[in-house]
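Visitor: For the sequence shown, position 63 matches number 63 in the UniProt record's numbering, and the numbering has no gaps at all.
Take this structure, written in structure tokens, and hold onto it; I'll ask about it next.
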Amino acid sequence: MPAAGPSNPEPAKKHAPTPPAPATPAAARPAPLAGGPGLIAAWAARLDQRAAEIEAAPKVKATRVGYGTVLKKGDGGMIEMVVPPVEVPPPGAAPAAGEPSPLADVLAAVPVEPAPPAVISVRSPLADRVGRVATRLIELGYLQPDQWTDSFDDRVETAVRAFQIVEGLQPDGKVGEVTRQALDRTPAQAVAMMRRAAAAMRSAQQAMPDTVVLVNLPSQTVTYVERGKPAFAMRAVVGRPSRKTPLLQDRITSVTINPTWTVPPTVLTEDKLPVLRKKGNTGIKNAIVYLDGSPVVPETVNWWSVDPGRIRIVQKPGDDNALGRFRFNLTNGDGIFLHGTNDPRLFDRDLRAASSGCVRLADARLMADTLLSAAKLNPASITQQLDSGETKTVRLPNAIPVRFVYWTASVDTDGTVRVHPDIYDEPPAPAPATTPAASRPKPASQLPPQPAPVPGTPPMRTVSDQPAAPAPARM
Numbered sequence: 001m002p003a004a005g006p007s008n009p010e011p012a013k014k015h016a017p018t019p020p021a022p023a024t025p026a027a028a029r030p031a032p033l034a035g036g037p038g039l040i041a042a043w044a045a046r047l048d049q050r051a052a053e054i055e056a057a058p059k060v061k062a063t064r065v066g067y068g069t070v071l072k073k074g075d076g077g078m079i080e081m082v083v084p085p086v087e088v089p090p091p092g093a094a095p096a097a098g099e100p101s102p103l104a105d106v107l108a109a110v111p112v113e114p115a116p117p118a119v120i121s122v123r124s125p126l127a128d129r130v131g132r133v134a135t136r137l138i139e140l141g142y143l144q145p146d147q148w149t150d151s152f153d154d155r156v157e158t159a160v161r162a163f164q165i166v167e168g169l170q171p172d173g174k175v176g177e178v179t180r181q182a183l184d185r186t187p188a189q190a191v192a193m194m195r196r197a198a199a200a201m202r203s204a205q206q207a208m209p210d211t212v213v214l215v216n217l218p219s220q221t222v223t224y225v226e227r228g229k230p231a232f233a234m235r236a237v238v239g240r241p242s243r244k245t246p247l248l249q250d251r252i253t254s255v256t257i258n259p260t261w262t263v264p265p266t267v268l269t270e271d272k273l274p275v276l277r278k279k280g281n282t283g284i285k286n287a288i289v290y291l292d293g294s295p296v297v298p299e300t301v302n303w304w305s306v307d308p309g310r311i312r313i314v315q316k317p318g319d320d321n322a323l324g325r326f327r328f329n330l331t332n333g334d335g336i337f338l339h340g341t342n343d344p345r346l347f348d349r350d351l352r353a354a355s356s357g358c359v360r361l362a363d364a365r366l367m368a369d370t371l372l373s374a375a376k377l378n379p380a381s382i383t384q385q386l387d388s389g390e391t392k393t394v395r396l397p398n399a400i401p402v403r404f405v406y407w408t409a410s411v412d413t414d415g416t417v418r419v420h421p422d423i424y425d426e427p428p429a430p431a432p433a434t435t436p437a438a439s440r441p442k443p444a445s446q447l448p449p450q451p452a453p454v455p456g457t458p459p460m461r462t463v464s465d466q467p468a469a470p471a472p473a474r475m
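See below:
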């Protein structure tokens, strides 16, 4: 799927973190075909093609940078240290017990100047890792062999930025964990991740609708595919490893403008109740706390004696709301939604597995404008509703399918292949299948064909077609 970060065509002489391979003419690359299955098949074919190119390329050494702190400009090399001045006893100082006094008398009579502080140069403890970064960048073609250094200077920073752009990462010029993983990825590992993603795509392609919202967890992106062609893609925040976003087949049935946020049970018990008990408040702006269904002043309650099942916390709509200004309502009963955010800073990170399970969108307004156009709401009408501050839910005339996938490699619109971090080490297990009480299961003959499972990848959980009462969003 298209990457939401920077996108440059694959270079002919280098492709980080894999060894150089001959460039593929644009005309030879599989073009996206019309229709959802055709598009996914084209992506899978491109992944296999790139994997074959890497396997056919000359084998080169791959130096590992290794785990460690974030490396940035100015790290490594030689650093200056100040040696403190040598302390000289003042004249006439009394000798220590047991010392002969005649020598002390002689020393006291000789004027002694105190030794000044000394500045010495020592090798930085980060120099070895910076040197390995430089070596790896030379192997990948981003630095020349005579540019090796163990000092993170301007040339190293520029090379790191170039590497990050090709990888679709945030080009901040720093070697953080995600950049380090990309540098350390061997050609064999990259090939394995491409093959694994291609197999998963082929498994899903027959059941993939022509119009669909694709949530790829490893790339932490959301792509809107309309009539078989990618319309746009954006960065997303997905569930952290301890609260993984599950693999779902679901649909967006409505969009809520100016949503409220009801704190879900897990977040309330594990995150907010300890704050209530310690500080007497929730730490949530513009929130109302309910005890046994009635609003209370948090500071007046002894929360240590209150069971969490008696508490409900609701945040009012607005810019401070954790869901942002839009919530895209799904039908699952697990509180998994797509929504905006009140903290856009997370989208600047390369590793964005930080939510409690929901998917936060970098541009929720773009998604809302796109989906609500089918409900005859134009951007001006949406802005008017936003400005009113009132909560409004708009049902879509046709529900939009959503597929949560775990593809460790993807393809940009220009054919560039991206390999993504395995954020969960393994795909998340699908949530237990539940059927909303209001829904009626379809006969098997009316169900869409199910894809064959890919080894090592759990099946998606298919959610009922009928909307259920929304559970509190996990955020």
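Each residue gets a CB set at the ideal place from its N, CA and C atoms; glycine is no exception.
Does DSSP put residue 476 in a helix, in a strand, or in coil?
Guide: Only positions 1 to 475 of the chain appear in the structure, and residue 476 is not among them; the question remains open.
Visitor: Out of I257, R352, N342, L371, state which residue places its alpha-carbon closest to the alpha-carbon of T383.
Guide: As a position in the sequence shown, residue 383 is number 383, starting the count at 1. Minimum Cα distance to T383 is reached at I257.
Visitor: Compute the distance between the beta-carbons of A190 and V419, then report whether it is under 8 Å.
Guide: The residue given as residue 190 occupies position 190 in the sequence shown. The residue given as residue 419 occupies position 419 in the sequence shown. Yes. Within cutoff.
Visitor: Counting along the chain, where does the alpha helix (DSSP H) carrying R202 start and finish?
Guide: For the purposes of this step, residue 202 is taken as the residue at position 202 of the sequence shown. Looking at the DSSP string, the run of the alpha helix (DSSP H) that includes R202 is 187-205.
Visitor: Pairs of beta-carbons, one from the region 43-54 and one from the region 232-239, closer than 8 Å: are there three or more?
Guide: Contact fails: fewer than three Cβ-Cβ distances are below 8 Å.
Visitor: Going by the CB atoms, is the gap between S254 and N321 shorter than 8 Å?
Guide: Within the sequence shown, residue 321 is the residue found at index 321, counting from 1. Within the sequence shown, residue 254 is the residue found at index 254, counting from 1. No, the pair does not count as a contact, with Cβ atoms beyond the cut-off.
Visitor: Got a sec? Which residues, its chain only, sit under 8 Å from M81 by beta carbon, not counting five neighbours each side?
Guide: On the sequence shown, position 81 is the one that residue 81 refers to. Contacts found: V119, I120, S121, V122.
Visitor: Helix, strand or coil for W303 per DSSP?
Guide: Here the question's residue 303 lines up with position 303 in the sequence shown. If DSSP states are grouped into helix, strand and coil, W303 belongs with the helices.
Visitor: Counting pairs of Cβ atoms below 8 Å between the region 62-82 and the region 198-218, do you hit three or more?
Guide: No: fewer than three Cβ pairs fall under 8 Å.
Visitor: In this structure, what does DSSP give as the bridge partners for I120?
Guide: As a first step, residue 120 must be located in the sequence shown, where it is residue number 120. According to DSSP, which records beta bridges pairwise, I120 is partnered with M81.
Visitor: Would DSSP call F404 helix, strand or coil?
Guide: Here residue 404 refers to the residue found at position 404 of the sequence shown. F404 falls in the strand class under three-state DSSP.
Visitor: Note down the Cα distance separating A231 from R325, rounded to an integer number of angstroms.
Guide: Here the question's residue 231 lines up with position 231 in the sequence shown. Here the question's residue 325 lines up with position 325 in the sequence shown. Their Cα atoms are separated by approximately 22 Å.
Visitor: Closest by CA to I288, which one among Q315, E177, K279?
Guide: Mapped onto the sequence shown, residue 288 falls at position 288. For I288, the nearest C-alpha among the options comes from Q315.
Visitor: If we cut at 8 Å on Cβ distances, does R155 have a partner in chain D?
Guide: Reference to chain D is not applicable here, since this structure consists of a single protein chain.
Visitor: Taking I400 as the reference, give the member of Q144, G318, V212 with the closest Cα.
Guide: Position 400 of the sequence shown holds residue 400. The option with the nearest alpha carbon to I400 is V212.
Visitor: Where DSSP assigns a beta bridge to W148, which residues make up the other side?
Guide: As a working note, residue 148 is residue 148 in the sequence shown. DSSP, once it has assigned bridges, lists no residue as partnering W148.
Visitor: Determine the direct distance from the alpha carbon of V402 to that of A252, and round the result to whole angstroms.
Guide: Locating residue 252 in the sequence shown gives position 252, counting from the first residue. Locating residue 402 in the sequence shown gives position 402, counting from the first residue. The residue you asked about is not Ala; residue 252 is Ile in the sequence shown. C-alpha separation (whole angstroms): 7 Å.
Visitor: Who are the Cβ neighbours of A364 in its own chain at under 6 Å, not counting the five residues just before and after it?
Guide: Stepping through the sequence shown from its first residue, residue 364 is reached at position 364. Excluding sequence neighbours, A364 sits near G324, F326, G340.
Visitor: Can you look up M367 in the DSSP assignment and give me helix, strand or coil?
Guide: Residue mapping note: residue 367 aligns to position 367 of the sequence shown, counting from 1. Correct three-state label for M367: helix.
Visitor: Expressed to the nearest angstrom, what Euclidean distance is found between the alpha-carbon atoms of residue 497 and I311?
Guide: Since the first residue shown for the chain is 1 and the last is 475, residue 497 is missing from the structure and cannot be characterised.
Visitor: Rounded to a whole number of angstroms, what is the C-alpha to C-alpha distance between G335 and D250?
Guide: As a working mapping, residue 335 is identified with position 335 in the sequence shown. As a working mapping, residue 250 is identified with position 250 in the sequence shown. Each residue's alpha carbon lies about 12 Å from the other.
Visitor: Quick check on P259: buried or exposed, where buried means 16 or more other Cβ atoms within 10 Å of its Cβ?
Guide: Position 259 of the sequence shown holds residue 259. Classification for P259: buried.
Visitor: Using C-beta distances below 7 Å, list every residue in its chain close to P116, excluding the 5 sequence neighbours before and after it, in chain order.
Guide: Along the sequence shown, read from residue 1 onward, the residue named residue 116 stands at position 116. So the list reads P85, once near-sequence residues are dropped.
Visitor: Could you have a look at A62 and say whether DSSP puts it in helix, strand or coil?
Guide: Translated into positions along the sequence shown, residue 62 becomes position 62. Coil.
Visitor: For A56, name the three-state secondary structure that DSSP assigns.
Guide: In the sequence shown, the residue the question calls residue 56 occupies position 56. A56: helix per DSSP, three-state reduction.
Visitor: Taking 8 Å as the threshold (C-beta atoms), are T269 and V275 in contact?
Guide: Within the sequence shown, numbered from 1, the residue matching residue 275 stands at position 275. Within the sequence shown, numbered from 1, the residue matching residue 269 stands at position 269. In this structure, T269 does not lie closer than 8 Å to V275 by Cβ.
Visitor: How big is the Cα-Cα spacing for G173 and V130?
Guide: Counting from one through the sequence shown, the residue named residue 173 turns up at place 173. Counting from one through the sequence shown, the residue named residue 130 turns up at place 130. One C-alpha to the other measures close to 13 Å.
Visitor: I'd like the list of long-range same chain contacts for L143, defined as Cβ closer than 8 Å, with 5 residues on each side in sequence excluded.
Guide: The residue given as residue 143 occupies position 143 in the sequence shown. So the qualifying residues of the chain are A134, L137, R155, V156, A159.
Visitor: Which of helix, strand or coil does DSSP assign to T434?
Guide: Your numbering for residue 434 matches position 434 in the sequence shown. Confidence at T434 is low in this model, with a pLDDT of 40, below 50, so the placement of that residue should be treated as unreliable; the coordinate-derived value is given next. Residue state, collapsed to three classes: coil.
Visitor: How big is the Cα-Cα spacing for T221 and A233?
Guide: Locating residue 221 in the sequence shown gives position 221, counting from the first residue. Locating residue 233 in the sequence shown gives position 233, counting from the first residue. If I take the Cα positions, the gap works out to 7 Å.
Visitor: Per the DSSP calculation, D250 is bridged to which residue(s)?
Guide: Position 250 of the sequence shown, counted from the start, is the residue given in the question as residue 250. In DSSP, D250 forms a bridge with V402.
Visitor: Following the continuous alpha helix (DSSP H) through K279, name the residue where it begins and the one where it ends.
Guide: As a first step, residue 279 must be located in the sequence shown, where it is residue number 279. That run of the alpha helix (DSSP H) goes 273-279.
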